[in-house]
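Here is the structure we will look at.
Protein chains: 2
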Amino acid sequence: MEPTLNPESGFFRIRIDFSYDGTNFAGWAKQPDQVTIQSTMESAIATFTRETITLTAAGRTDAGVHAAQQVAHFDLPNLDRDGNPWAIENFAYKLNRILTEDIRIISAVPAPNNFHARFSAISRHYIYKIADGLQTIPPLARFDTTSWYRELDLDRLQAASNYLIGKHDFATFCKPDAGATTIRTLAKFNWERGSDGFLRADLISDGFCYSMVRNMVGAVACVAEGRFEPEWIKTILNDKTRISDSLVFPARGLTLQSIAYQ
Amino acid sequence: MEPTLNPESGFFRIRIDFSYDGTNFAGWAKQPDQVTIQSTMESAIATFTRETITLTAAGRTDAGVHAAQQVAHFDLPNLDRDGNPWAIENFAYKLNRILTEDIRIISAVPAPNNFHARFSAISRHYIYKIADGLQTIPPLARFDTTSWYRELDLDRLQAASNYLIGKHDFATFCKPDAGATTIRTLAKFNWERGSDGFLRADLISDGFCYSMVRNMVGAVACVAEGRFEPEWIKTILNDKTRISDSLVFPARGLTLQSIAYQ
Chain H
1 MEPTLNPESG FFRIRIDFSY DGTNFAGWAK QPDQVTIQST MESAIATFTR
51 ETITLTAAGR TDAGVHAAQQ VAHFDLPNLD RDGNPWAIEN FAYKLNRILT
101 EDIRIISAVP APNNFHARFS AISRHYIYKI ADGLQTIPPL ARFDTTSWYR
151 ELDLDRLQAA SNYLIGKHDF ATFCKPDAGA TTIRTLAKFN WERGSDGFLR
201 ADLISDGFCY SMVRNMVGAV ACVAEGRFEP EWIKTILNDK TRISDSLVFP
251 ARGLTLQSIA YQ
Chain R
263 MEPTLNPESG FFRIRIDFSY DGTNFAGWAK QPDQVTIQST MESAIATFTR
313 ETITLTAAGR TDAGVHAAQQ VAHFDLPNLD RDGNPWAIEN FAYKLNRILT
363 EDIRIISAVP APNNFHARFS AISRHYIYKI ADGLQTIPPL ARFDTTSWYR
413 ELDLDRLQAA SNYLIGKHDF ATFCKPDAGA TTIRTLAKFN WERGSDGFLR
463 ADLISDGFCY SMVRNMVGAV ACVAEGRFEP EWIKTILNDK TRISDSLVFP
513 ARGLTLQSIA YQ
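Chains as they are written, first to last, in the numbering used here: chain H, 1 to 262; chain R, 263 to 524.
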């Protein structure tokens, strides 16, 4: 059930910004018998508010995917169970005391009118990090960097990625999700090689379908390895035939960097 | 037993540079019934060389302390058990295949004459990272940053630390270690606040006694909090009376950054 666009009467909305290391979670969304970020955070919020709440996130991240800045909202009754106003200014601090360090609350504030964490978002920014060739990943950087044993050519990565920028039907790169559109506007897909020697992709779009980033990274990596020419990306994009799951790059290199609102 | 300064006849020496996340290790040095970095690496080297070897490191790091670049050496017979020369150029790759990702071999090369990982080192560089005040630590940075709930004033940190720079008897800051000198030359003890908002100390010395960095950080933090004036550091340094263990800052903020050789 999709939460209502605005809080029910007698309730108000809180916007919560947070980050997480996705390594030990089965992704964002609640699932039976799984430790997920949503279920962990909902329990923590229930612990100190004594209210059962539902979190709605800007985007559902997969198992193993990280977030530098994820955004969610939840609704609370105007007064607490003792009839007192909430001390929202203490929410972030209280939550951080309850949660383990792999989830950190950046802020919790009353949401503006008509704010909806998912539907008010105008763009999402993801990054993907790869240590290619024979580079070793520094142990403290291992949680958000994927290792790829072949060398990836930066110019070819970018040439291939350029075919994906713009408004397209990205069905080729999306796991089927009944009823969801696969038409998206990819505003940015930029590669660079950092001073650490590792490759980093920055992707910004109005939205990403399920597995879309990791599929696109896998496809342009094929080009960067020399298996295909950059134009192959244009061909498969236009085909709209879902490419092989074997081209999905691992979750651990993927981080939701930020969400932009109007 | 201290290893010989040079390899025995019929043996040659290998220098190995590596990094580790110390979170899940009981420090560098071998100890009964403990998983240490030394024991883990010695087992891994024995697995593919079929030789029992002993590693000598530039410095023994404590439980929970990390290394961006640690250096060690070990000696091997000139030929392997099949009578063949060693393919040293493959050692780093082979070791990285055996080890888990919290230890990564940067390089393994034949050591120059008279090279001794510990005694040839002319200086050690450590860093210490602190998120002070109410700052939250991004989950992916949590492994090598210490949280300190009070705000620490950068100018007072530096003023206090300046009293420690130079050649001194650092007995005040060293856990007793029979027979070991506590006279050291601290060439650098510099604090900065990074763009992430966190404090970082860089310390360079010809050597550090056991717990010396974490004790000095704890002491200058007392000054930065306003509990003492910077001159207090000069007083306790000259007293040479070991300060309280309660002033030892946690291991997880400490990283051995590099070792310099002649």
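Glycine residues also receive a C-beta, built at the ideal position from the N, C-alpha and C atoms.
Beta-carbon proximity list for R/Asp-314, same chain, < 7 angstroms, skipping 5 on both sides:
Within the second sequence, the letter at position 52 stands for residue 314 of chain R. The residue you asked about is not Asp; residue 314 of chain R is Thr in the sequence shown. The answer, listed in chain order, is Ala-308.
What residue range does the alpha helix (DSSP H) around H/Ser-161 cover?
Counting from one through the first sequence, the residue named residue 161 of chain H turns up at place 161. Segment 154 to 162, the alpha helix (DSSP H) holding H/Ser-161.
Residue-level contact to chain H via CB, R/Ser-281, 9 angstroms cutoff
Mapped onto the second sequence, residue 281 of chain R falls at position 19. With a threshold of 9 angstroms between beta carbons, R/Ser-281 makes contact with chain H.
Along the chain, where does the beta strand (DSSP E) that runs through R/Val-333 open and close?
Mapped onto the second sequence, residue 333 of chain R falls at position 71. Here the beta strand (DSSP E) through R/Val-333 covers 328 to 339.
Tell me, please, whether the region 511 to 522 of chain R touches the region 484 to 497 of chain R by the rule of three or more beta-carbon pairs shorter than 8 angstroms.
Flag = no, the region 511 to 522 of chain R and the region 484 to 497 of chain R do not touch.
Nearest to H/Trp-263 (by Cα), restricted to the options H/His-168, H/Gln-158 and H/Ile-204:
Chain H is shown only over 1 to 262; residue 263 of chain H falls outside these bounds and no answer can be derived.
Answer yes or no: does any C-beta atom of chain H fall closer than 9 angstroms to that of R/Asn-358?
The residue you call residue 358 of chain R lines up with position 96 of the second sequence. Cβ-Cβ to chain H under 9 angstroms: yes for R/Asn-358.
Are at least three pairs of beta-carbons, each pair with one atom in the region 276 to 291 of chain R and one in the region 88 to 98 of chain H, less than 8 angstroms apart?
no
Residues in its own chain within less than 6 angstroms of H/Trp-148 by CB, not counting five upstream and five downstream?
Numbered from 1 along the first sequence, position 148 holds the residue referred to as residue 148 of chain H. Excluding sequence neighbours, H/Trp-148 sits near Ile-130 and Asp-132.
H/Phe-115 versus H/Ile-106 - alpha carbon distance:
For this step, residue 115 of chain H is matched to residue 115 along the first sequence. For this step, residue 106 of chain H is matched to residue 106 along the first sequence. If I take the Cα positions, the gap works out to 18 angstroms.
Out of H/Arg-118, H/Arg-124, H/Ala-87 and H/Ile-127, which one is the CA nearest neighbour of H/Ala-108?
Position 108 of the first sequence, counting from 1, holds the residue named residue 108 of chain H. Ranking the options by Cα distance to H/Ala-108, first place goes to H/Ala-87.
Do H/Ser-211 and H/Arg-124 have their beta-carbon atoms positioned less than 9 angstroms apart in this structure?
Position 124 of the first sequence, counting from 1, holds the residue named residue 124 of chain H. Position 211 of the first sequence, counting from 1, holds the residue named residue 211 of chain H. No. Outside cutoff.
State the DSSP-derived secondary structure class of R/Thr-444, mapped to helix, strand or coil.
Counted from its first residue, the second sequence places residue 444 of chain R at position 182. Coil, per DSSP.
Would you identify the three-state DSSP class for H/Trp-232, choosing helix, strand or coil?
Here the question's residue 232 of chain H lines up with position 232 in the first sequence. Correct three-state label for H/Trp-232: helix.
Less than 9 angstroms separating the beta-carbons of H/Ala-44 and H/Ile-98?
Numbered from 1 along the first sequence, position 44 holds the residue referred to as residue 44 of chain H. Numbered from 1 along the first sequence, position 98 holds the residue referred to as residue 98 of chain H. Yes, the pair counts as a contact, with Cβ atoms nearer than the cut-off.
Per-residue DSSP class, three states only, for H/Glu-192:
Walking along the first sequence from the start, residue 192 of chain H turns up at place 192. Strand, per DSSP.
Comparing the C-beta of R/Ala-513 with each C-beta of chain H, is any distance below 9 angstroms?
As a first step, residue 513 of chain R must be located in the second sequence, where it is residue number 251. For R/Ala-513, the answer is no, since every Cβ of chain H falls outside 9 angstroms of its Cβ.
Starting from R/Ile-368 and walking both ways along the beta strand (DSSP E), at which residues does that stretch end?
Locating residue 368 of chain R in the second sequence gives position 106, where the first residue counts as 1. Per DSSP, the unbroken beta strand (DSSP E) holding R/Ile-368 starts and ends at 365 to 372.
In chain H, which residues lie less than 7 angstroms from R/Ala-330 when you measure between Cβ atoms?
Position 68 of the second sequence holds residue 330 of chain R. Result: Pro-138.
I'd like to know if H/Asp-196 contacts chain R, where contact means its C-beta is closer than 9 angstroms to some C-beta of that chain.
To locate residue 196 of chain H, count along the first sequence from 1; it is residue 196. For H/Asp-196, the answer is no, since every Cβ of chain R falls outside 9 angstroms of its Cβ.
Integer-rounded CB distance, given that R/Phe-336 should sit under 8 angstroms from R/Thr-323
Counting from 1 along the second sequence, the entry for residue 323 of chain R is found at position 61. Counting from 1 along the second sequence, the entry for residue 336 of chain R is found at position 74. With 8 angstroms as the limit, R/Thr-323 and R/Phe-336 do not qualify as a contact, their Cβ atoms being about 18 angstroms apart.
Between which residues of its own chain and R/Asp-415 is the CB-CB distance below 7 angstroms, once the five residues before and five after are set aside?
Numbered from its first residue, the second sequence carries residue 415 of chain R at position 153. So the qualifying residues of the chain are Ala-486.
Please tell me whether R/Glu-363 has its Cβ less than 9 angstroms away from any Cβ of chain H.
Counted from its first residue, the second sequence places residue 363 of chain R at position 101. At least one chain H Cβ lies under 9 angstroms of R/Glu-363.
Cβ neighbour criterion (16 or more within 10 Å) applied to H/Ile-233:
Taking the first sequence and counting its residues from 1, the one referred to as residue 233 of chain H is at position 233. With 16 or more Cβ atoms within 10 Å of its Cβ, H/Ile-233 is classed as buried.
Rounding to the nearest angstrom, what Cα-Cα distance links H/Met-41 and R/Asp-417 in this structure?
Translated into the one-based positions of the first sequence, residue 41 of chain H becomes position 41. Translated into the one-based positions of the second sequence, residue 417 of chain R becomes position 155. For H/Met-41 and R/Asp-417, the distance between alpha carbons rounds to 38 angstroms.
Any C-beta of chain R sitting closer than 9 angstroms to the C-beta of H/Leu-134?
What you label residue 134 of chain H is simply residue 134 of the first sequence in a count that begins at 1. Yes, H/Leu-134 counts as interfacial toward chain R.
Element boundaries [beta strand (DSSP E), containing H/Ile-53]
Taking the first sequence and counting its residues from 1, the one referred to as residue 53 of chain H is at position 53. For H/Ile-53, there is no enclosing beta strand (DSSP E), as DSSP marks it with neither H nor E.
Could you name the residues of chain R that H/Asp-308 contacts, counting a contact when the two beta carbons are closer than 8 angstroms?
The structure shown has nothing for residue 308 of chain H, since chain H only spans 1 to 262.
Let me check one thing: in DSSP terms, what residues is H/Arg-150 bridge-paired to?
Walking along the first sequence from the start, residue 150 of chain H turns up at place 150. For H/Arg-150, which the question treats as bridged, DSSP gives no partner whatsoever.
Listed from N- to C-terminal order along the chain, which residues in the region 342 to 355 of chain R have their beta-carbon within a distance smaller than 9 angstroms of any beta-carbon of chain B?
No chain B is present in this structure, whose protein chains are H and R.
Give me the Cα-Cα distance between H/Lys-188 and H/Pro-110, rounded to the nearest whole angstrom.
Along the first sequence, read from residue 1 onward, the residue named residue 188 of chain H stands at position 188. Along the first sequence, read from residue 1 onward, the residue named residue 110 of chain H stands at position 110. Pairing H/Lys-188 with H/Pro-110, the inter-Cα distance amounts to about 31 angstroms.
Look at R/Gln-538 and R/Ala-319 and say whether their C-beta atoms are less than 9 angstroms apart.
The displayed coordinates of chain R run from 263 to 524. Any statement about residue 538 of chain R would go beyond what the structure contains.
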